[in-house]
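Protein chains in written order, with this note's numbering: chain A, 337 to 686; chain B, 337 to 686. We put the beta carbon where it would ideally sit given N, CA and C, even for glycine. Here is the structure we will look at.
There are 2 protein chains.
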Amino acid sequence: MSPTPPALAELLDSAAAGDRVALARLLSVVERCGGRSGEVAGYAYAAPPPYTVGLTGAPGSGKSTLTNELVGVARRGWPAGEDGAAAEAVGHVAVLAVDPSSPFSGGAILGDRVRMQRHATDPSVFIRSMATRGHLGGLALAVPEAVRVLGAAGFPLVFVETVGVGQMEVEVASAADTTVVVVTPGWGDAMQASKAGLLEIADVFVVNKGDRPGVNEARRDLQQMLDLSAPSDWRPPVLTTVASTGAGIDELWDAVARHRAHLVSTGGLELRREARLEQELRRVLAALVLEEVRALAAGRRFEEAVRAIAKGELDPYRAAEDLLRRRRGGVGGTSVGGTTVGGTTVGGTT
Amino acid sequence: MSPTPPALAELLDSAAAGDRVALARLLSVVERCGGRSGEVAGYAYAAPPPYTVGLTGAPGSGKSTLTNELVGVARRGWPAGEDGAAAEAVGHVAVLAVDPSSPFSGGAILGDRVRMQRHATDPSVFIRSMATRGHLGGLALAVPEAVRVLGAAGFPLVFVETVGVGQMEVEVASAADTTVVVVTPGWGDAMQASKAGLLEIADVFVVNKGDRPGVNEARRDLQQMLDLSAPSDWRPPVLTTVASTGAGIDELWDAVARHRAHLVSTGGLELRREARLEQELRRVLAALVLEEVRALAAGRRFEEAVRAIAKGELDPYRAAEDLLRRRRGGVGGTSVGGTTVGGTTVGGTT
Numbered sequence: 337m338s339p340t341p342p343a344l345a346e347l348l349d350s351a352a353a354g355d356r357v358a359l360a361r362l363l364s365v366v367e368r369c370g371g372r373s374g375e376v377a378g379y380a381y382a383a384p385p386p387y388t389v390g391l392t393g394a395p396g397s398g399k400s401t402l403t404n405e406l407v408g409v410a411r412r413g414w415p416a417g418e419d420g421a422a423a424e425a426v427g428h429v430a431v432l433a434v435d436p437s438s439p440f441s442g443g444a445i446l447g448d449r450v451r452m453q454r455h456a457t458d459p460s461v462f463i464r465s466m467a468t469r470g471h472l473g474g475l476a477l478a479v480p481e482a483v484r485v486l487g488a489a490g491f492p493l494v495f496v497e498t499v500g501v502g503q504m505e506v507e508v509a510s511a512a513d514t515t516v517v518v519v520t521p522g523w524g525d526a527m528q529a530s531k532a533g534l535l536e537i538a539d540v541f542v543v544n545k546g547d548r549p550g551v552n553e554a555r556r557d558l559q560q561m562l563d564l565s566a567p568s569d570w571r572p573p574v575l576t577t578v579a580s581t582g583a584g585i586d587e588l589w590d591a592v593a594r595h596r597a598h599l600v601s602t603g604g605l606e607l608r609r610e611a612r613l614e615q616e617l618r619r620v621l622a623a624l625v626l627e628e629v630r631a632l633a634a635g636r637r638f639e640e641a642v643r644a645i646a647k648g649e650l651d652p653y654r655a656a657e658d659l660l661r662r663r664r665g666g667v668g669g670t671s672v673g674g675t676t677v678g679g680t681t682v683g684g685t686t
Numbered sequence: 337m338s339p340t341p342p343a344l345a346e347l348l349d350s351a352a353a354g355d356r357v358a359l360a361r362l363l364s365v366v367e368r369c370g371g372r373s374g375e376v377a378g379y380a381y382a383a384p385p386p387y388t389v390g391l392t393g394a395p396g397s398g399k400s401t402l403t404n405e406l407v408g409v410a411r412r413g414w415p416a417g418e419d420g421a422a423a424e425a426v427g428h429v430a431v432l433a434v435d436p437s438s439p440f441s442g443g444a445i446l447g448d449r450v451r452m453q454r455h456a457t458d459p460s461v462f463i464r465s466m467a468t469r470g471h472l473g474g475l476a477l478a479v480p481e482a483v484r485v486l487g488a489a490g491f492p493l494v495f496v497e498t499v500g501v502g503q504m505e506v507e508v509a510s511a512a513d514t515t516v517v518v519v520t521p522g523w524g525d526a527m528q529a530s531k532a533g534l535l536e537i538a539d540v541f542v543v544n545k546g547d548r549p550g551v552n553e554a555r556r557d558l559q560q561m562l563d564l565s566a567p568s569d570w571r572p573p574v575l576t577t578v579a580s581t582g583a584g585i586d587e588l589w590d591a592v593a594r595h596r597a598h599l600v601s602t603g604g605l606e607l608r609r610e611a612r613l614e615q616e617l618r619r620v621l622a623a624l625v626l627e628e629v630r631a632l633a634a635g636r637r638f639e640e641a642v643r644a645i646a647k648g649e650l651d652p653y654r655a656a657e658d659l660l661r662r663r664r665g666g667v668g669g670t671s672v673g674g675t676t677v678g679g680t681t682v683g684g685t686t
């Protein structure tokens with residue numbers, strides 16, 4: 337018999353007090369149950385959001401190494417701005433490594449363990465991988481909530497790194513305050529970045545593996561694409577790094593800091609975050625409502641309706657309206673209460 | 337001033353009496369408004385469904401010419417079966433040419449007019465192209481409803497031809513009683529058909545443009561893929577046609593008829609149709625519910641909720657539950673009534 341899992345309230349207290357094991361468990365709850373754990377969401381969103389830096393790019397572009405190096409530099413704090421803004425300490429730094437294609441998470445990935453080593457002795461750095469585990473709404477909802485949990489647990493800076501460049505990865509990475517898009521000289525022409533929608537989300541471009549041939553071409557392609565895009569008050573800088581040697585990492589961190597200063601001074605940060613909250617709320621709404629539909633489509637009334645349509649007694653539109661009209665109490669009252677998770681599923685593997 | 341558009345009830349009567357202009361207008365209503373036109377859906381689903389043959393394949397595979405030829409042969413009726421089933425007259429034949437990528441429909445496509453010529457003098461053949469025009473749920477819902485409208489208007493056989501091989505095209509084409517997948521010798525290896533999900537949906541394979549080199553390789557590739565797929569009580573035959581000369585069309589129609597006889601004798605037809613109705617009802621439910629979410633996300637309460645979350649007073653999950661709890665009457669009562677369409681949007685272009 338395993339020991340009784342701690343209650344959610346205890347986990348929240350411990351995580352806030354700096355207990356990393358409690359924090360990891362809390363993130364597992366988010367991953368598995370998302371907003372169902374009313375208490376976790378309440379805890380997470382009561383605190384101000386951490387500054388979030390998203391990193392995305394094709395597999396093999398060296399994102400993980402880059403993130404790793406960036407964490408080292410970021411630990412030194414935000415540099416003083418050209419506009420006279422003072423340098424700022426950062427304190428604790430967290431990394432969420434998100435892999436939508438993997439069923440594994442919570443340190444189960446080999447890469448995670450390898451990467452942990454570099455910062456293993458630094459209690460101020462927390463690294464955690466995340467995958468979808470049946471979360472309501474998937475990673476698109478689990479990641480923002482996890483970021484807020486990290487913020488509430490005392491991390492003012494969170495890196496969100498995604499594996500792959502699918503729609504989901506791009507979506508997750510772009511839900512950041514500053515989004516860094518990583519390409520490599522061998523990655524092909526810049527058209528691909530444009531096709532994948534990366535051009536629209538990038539606040540900073542990095543050509544990593546900058547010691548390989550084709551760096552100048554890659555930089556030029558990106559600049560040309562930027563020349564063609566709609567003018568904006570921020571033109572993404574195009575930087576070169578060699579993550580494996582650390583070359584260019586200071587400059588990358590400076591660029592992230594410049595973008596942050598720009599967002600703060602123009603009021604863009606607030607707008608971005610509000611737009612993100614709107615999207616989050618819309619997604620939660622859609623997810624809860626989808627649950628209702630699933631429940632409706634699984635019931636006996638649904639089967640009866642299908643049979644009635646098959647007999648020509650009913651059409652699908654009237655049937656759907658009937659089913660929707662008959663649901664009682666709506667969400668929240670019955671099927672999707674905030675209490676279903678709290679006491680029962682908190683334990684388990686982390 | 338254009339003349340007052342006829343009421344929906346009149347259109348239904350006229351279409352059922354064989355008025356093709358009324359039928360075309362009815363299909364425009366389906367395309368634009370879908371199940372919102374409660375009367376149309378009621379009319380469409382009260383009659384038994386027509387036999388539906390879906391045709392899909394890559395652009396340039398000659399689907400349109402093939403469908404055209406097939407219509408000519410189908411007009412002769414269902415052939416007598418090997419199992420002693422008697423030949424059967426078909427009567428009227430309809431073709432729905434579906435192009436998810438086109439905003440045009442209703443005969444606006446050049447190809448439509450060209451194709452009309454072949455059967456222009458045959459009052460028993462009705463050809464109509466369809467595209468998405470803001471239908472609730474898009475083509476995935478509009479096409480099944482249009483098929484049922486055609487059935488109710490006296491067409492016992494409907495061909496649904498889709499342009500392209502995207503997810504939507506495949507989905508639309510596979511929602512048929514018999515699905516014909518068209519490939520060409522130049523289309524590349526059979527792996528592509530497998531990748532595009534065509535292998536799973538095909539009841540009959542056609543290698544069209546069978547007078548070109550590579551026919552045997554294409555046939556062999558398909559057979560090998562079929563060897564590898566899960567055993568089933570129906571193995572899709574692989575036929576060769578030259579649609580431009582009419583070669584192989586009789587054999588194709590025979591194969592469709594054999595598949596139909598197989599479905600009828602095994603009870604598979606009923607199962608297929610029930611599964612399809614289930615999916616349709618699920619889609620209508622999802623579409624109606626999505627409308628609810630859109631309405632919720634557009635209101636003042638939504639904005640207030642976002643502001644409360646931004647202030648840390650609320651989390652998105654509690655906010656979503658509040659919004660859902662507060663909606664009154666649900667769907668059907670207010671926003672998605674069955675009467676909103678009837679009198680107002682029936683006229684317009686067809």
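Query: B/Y653 versus A/L575 - alpha carbon distance; Result: 39 Å
Query: Inter-residue Cα distance where the pair is B/V494 and A/V542; Result: 54 Å
Query: 8 Å Cβ cutoff, B/K399 in contact with chain A; Result: no
Query: C-beta atoms of B/V540 and B/A591 nearer than 8 Å; Result: yes
Query: Limits of the alpha helix (DSSP H) - the one that B/F638 falls within; Result: R636 to A646
Query: Counted within 10 angstroms of its Cβ, other Cβ atoms place A/D448 as buried (16 or more) or exposed; Result: Note that A/D448 scores 49 on pLDDT, short of 50, meaning its location in the model is unreliable; the coordinates nonetheless yield the value given after this. Buried.
Query: The segment 572-587 of chain B / the segment 363-383 of chain B touching (three or more Cβ pairs under 8 Å); Result: no
Query: Contact check, A/L617 vs B/V625, beta carbons under 8 Å; Result: no
Query: C-alpha distance - B/E424 paired with B/L347, whole-angstrom precision; Result: 30 Å
Query: Residues near B/S601 by beta carbon distance below 8 Å, same chain, minus five either side; Result: D419
Query: Whether A/V479 touches A/V496 by CB criterion (8 Å); Result: yes
Query: Min CB distance A/E418 to chain B below 8 Å; Result: no
Query: Closer than 8 Å to chain A by CB, B/R618; Result: yes
Query: N- and C-terminal bounds of the alpha helix (DSSP H) containing A/T401; Result: K399 to A410
Query: Simplified DSSP state of B/L344, which is helix, strand or coil; Result: helix
Query: B/A597 at chain A interface by Cβ criterion, 8 Å; Result: no
Query: Residue closest to B/V389, alpha-carbon to alpha-carbon, out of B/R637, B/I585, B/R636 and B/V516; Result: B/V516
Query: Span separating the alpha-carbon of A/S460 from that of A/H428; Result: 5 Å
Query: N-terminal and C-terminal residue of the alpha helix (DSSP H) that A/V365 is part of; Result: R356 to C369
Query: Beta strand (DSSP E) runs wholly inside the segment 513-599 of chain B, at least 3 long, in chain order; Result: 514-519, 540-543 and 574-576
Query: Short Cβ contact (8 Å threshold) for A/T577 with A/L588; Result: yes
Query: Beta carbon of A/R661 nearer than 8 Å to that of A/R637; Result: no
Query: Beta carbon of B/G544 nearer than 8 Å to that of B/L402; Result: In the sequence as presented, Gly is not what sits at residue 544 of chain B; that position holds Asn. For B/N544 and B/L402, yes; Cβs fall inside 8 Å.
Query: Candidates B/D349, B/E614, B/I585 and B/L562: closest to B/N404 by CA position; Result: B/I585
Query: Cutoff 8 Å; reference A/F462; Cβ partners in own chain excluding five residues on either side; Result: R356, L359, H428, V429, A430, V431, L486 and F491
Query: Residue burial classification, B/K399 (beta-carbon count within 10 angstroms, cutoff 16); Result: buried
Query: B/R630 and B/A476 closer than 8 Å at C-beta; Result: no
Query: Any chain B beta carbon closer than 8 Å to A/A351; Result: no
Query: Chain-ordered residues of the segment 590-615 of chain A with a beta carbon less than 8 Å from chain B; Result: R609, E610, L613 and E614
Query: Beta strand (DSSP E) runs contained entirely in the segment 481-513 of chain A, provided each spans 3 or more residues; Result: 493-498
Query: Burial state of B/D557 (16 or more Cβ within 10 Å); Result: buried
Query: Residues near A/P278 in its chain [Cβ-Cβ closer than 8 Å; skip 5 each side]; Result: This structure cannot speak to residue 278 of chain A, because chain A is shown only from 337 to 686.
Query: Given A/W414 as reference, the closest of A/Y387, A/G396, A/S397 and A/P395 once Cα atoms are compared; Result: A/Y387
Query: Residues that B/L659 contacts on chain A, provided the C-beta gap is smaller than 7 Å; Result: L621
Query: Chain-ordered residues of the segment 634-652 of chain A with a beta carbon less than 9 Å from chain B; Result: F638, E639, A641, V642, R643, I645, A646, G648, E649, L650, D651 and P652
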